[in-house]
Ligand code: GLA
């Protein structure tokens, strides 16, 4: 214990000294206790092995709580394979539009997005009918945004929007669809070479000073590239930092190159730079998963993200909402009410509701699809009620996909539509059509 304490104090001292030297900002953010990094990522997509902390959940009208474990870190999104256009797609759900329902409450309806879904067919039509916001599932993640050769040539970070990203940006512009940017500073899906001298993975790790310059270069470069392309105004939100807090409240240090090279204040710096370069109309978000189990830690972190005058550098908290039908909604709403009380904006950024629980599969049958429908209905209804009551400043709800066949967690059928793209009770739940959301079967 003494040993850990002295390490924490020593690290805090180093961090204070470094910040004192390199910036005009006087205070470093206070953070949760630090665990020592024992391993570094060798690949770009390692997933930390999480401790499973027991938690209590409450029951809800829609679901029964049988789970007592925290969900592990989401795996990295696999690059989705180009799924063929479903044949005989029924477009019956197009009469009801989630985006129109949400618009009555001033909330945007989003989906994650991949370039191959822009296909001139029913998938594209469905997206345009149901959603007015997109988040690229992969193509704006750090793995996809750098030109390594030019970084090496110039010695500076060079951003290059990849063709799929450009395809989606052009499509969004043409169709009046808004965007969330996802994401800048993340332990995962970020090239390992970014953290080495000369942008070369065979070289030693770059210094804190160099990595802060690169962080600034990445953020500045992306906003510039978007502006040059005429796309910047499409964006209303950006995830500046993704998944920095462990389930036990410590900062994620393992396999986290940002933590390792910059130190525990890397989160503060990311928001500092984002604030410096983002236009005012783009809200800056901290985004995390298992949010309902680590509310206090997220709140503590957010409170440190302030400038010298105590003004927030952050505009909103992104709740990924990778949920299960056996997760407690009462607990989820407690989380929402607590973060809403900070006075910042809130978004559900990656909503999907899997059948069962993290370690419990339940059959994909009518009964369970109805449970899922009721879950979506109650979750979204509860959020919209809070918005209407003025207690929640919710800007958008983004679904992490819409069709079970296209989902990163397709085996647990978490989406709004079946694989053949016909609507599930989940769709009607999301669209607040109670009589089709699984309630009629009770
Ligand atoms: C996290 C990330 C997302 C995605 C999911 C898995 O939630 O924020 O971008 O990678 O994991 O799809």
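Residue numbers (the working numbering): 37 to 478.
By construction, the Cβ of each residue, glycine as well, lies at the ideal position given by its N, Cα and C atoms.
Keep in mind that this is a model prediction, so the values were computed, not measured.
Ligand 1 approaches residue 356 closely enough that one of its heavy atoms is under 7 Å from the residue's Cβ.
A heavy atom of ligand 1 is found nearer than 7 Å to the CB of residue 386. Taken in chain order, the whole alpha helix (DSSP H) runs of length 4 or more contained in the stretch 287-323 are 293-298, 302-313.
DSSP places residue 412 in the uninterrupted alpha helix (DSSP H) bounded by 402-425. Remark: C-beta atoms of residue 383 and residue 354 approach each other more closely than 8 Å. Assigned with DSSP and collapsed to three states, residue 153 falls in helix. Using a Cβ-Cβ distance cut-off of 8 Å, the stretch 363-370 and the stretch 449-464 are not in contact, since fewer than three pairs of beta carbons, one from each stretch, lie closer than that value. In this structure, DSSP gives residue 247 a helical state, which the three-state scheme calls helix. In the three-state reduction of the DSSP assignment, residue 172 falls in the strand class. DSSP places residue 353 in the uninterrupted beta strand (DSSP E) bounded by 352-355. For residue 261, the closest alpha carbon among the candidates 176, 446, 343 is that of 176. Judged by DSSP secondary structure, residue 222 falls within the beta strand (DSSP E) whose first and last residues are 214-222. The residue from 211, 190, 151 with its alpha-carbon nearest to that of residue 203 is 151. Counting C-beta atoms within 10 angstroms of its own C-beta, residue 395 has fewer than 16 neighbours from the protein chains shown and is therefore classed as exposed.
The bridge partners DSSP lists for residue 187 come to none. Of the other Cβ atoms in all chains shown, fewer than 16 fall within 10 Å of the Cβ of residue 139; this residue is therefore exposed.
In this structure the stretch 387-401 does not touch the stretch 341-349; the number of beta carbon pairs closer than 8 Å is below three.
Taking a cut-off of 8 Å on C-beta distances, the stretch 303-315 touches the stretch 251-269, as three or more cross pairs fall below it.
Around the Cβ of residue 459, a 10 Å sphere holds 16 or more other Cβ atoms; the residue is buried. In the three-state DSSP reduction, residue 385 falls in the strand class (E or B). Just measuring C-alpha positions, the residue of 277, 388, 422 sitting nearest residue 350 is 277.
Taking 7 Å as the cut-off, one finds no heavy atom of ligand 1 near enough to the beta carbon of residue 292. Ligand 1 has a heavy atom closer than 7 Å to the beta-carbon of residue 325. Checking the 7 Å criterion, the Cβ of residue 444 is within range of a heavy atom belonging to ligand 1.
A distance below 6 Å between beta-carbons, with the five flanking residues on each side excluded, links residue 279 to the following residues of its chain, in chain order: 324.
Secondary structure at residue 327: helix, using DSSP grouped into helix, strand and coil. At least one heavy atom of ligand 1 falls within 7 Å of the beta-carbon of residue 436. DSSP places residue 261 within a helical segment (H, G or I) once states are collapsed to three.
Excluding sequence positions up to five before and after residue 331, its CB lies within less than 8 Å of the CB of 370, 371, 374, 375, all in the same chain and listed in chain order. For residue 345, the three-state secondary structure derived from DSSP is coil. The beta carbons of residue 285 and residue 333 sit closer together than 8 Å.
Excluding its 5 nearest sequence neighbours in each direction, residue 237 has C-beta neighbours in its own chain below 6 Å: 228, 229, listed in chain order. Taking each of 467, 180, 457, 471 in turn and checking the Cα distance to residue 157, the smallest one comes out for 457. For the 8 Å CB-CB criterion, residue 172 and residue 141 do not form a contact.
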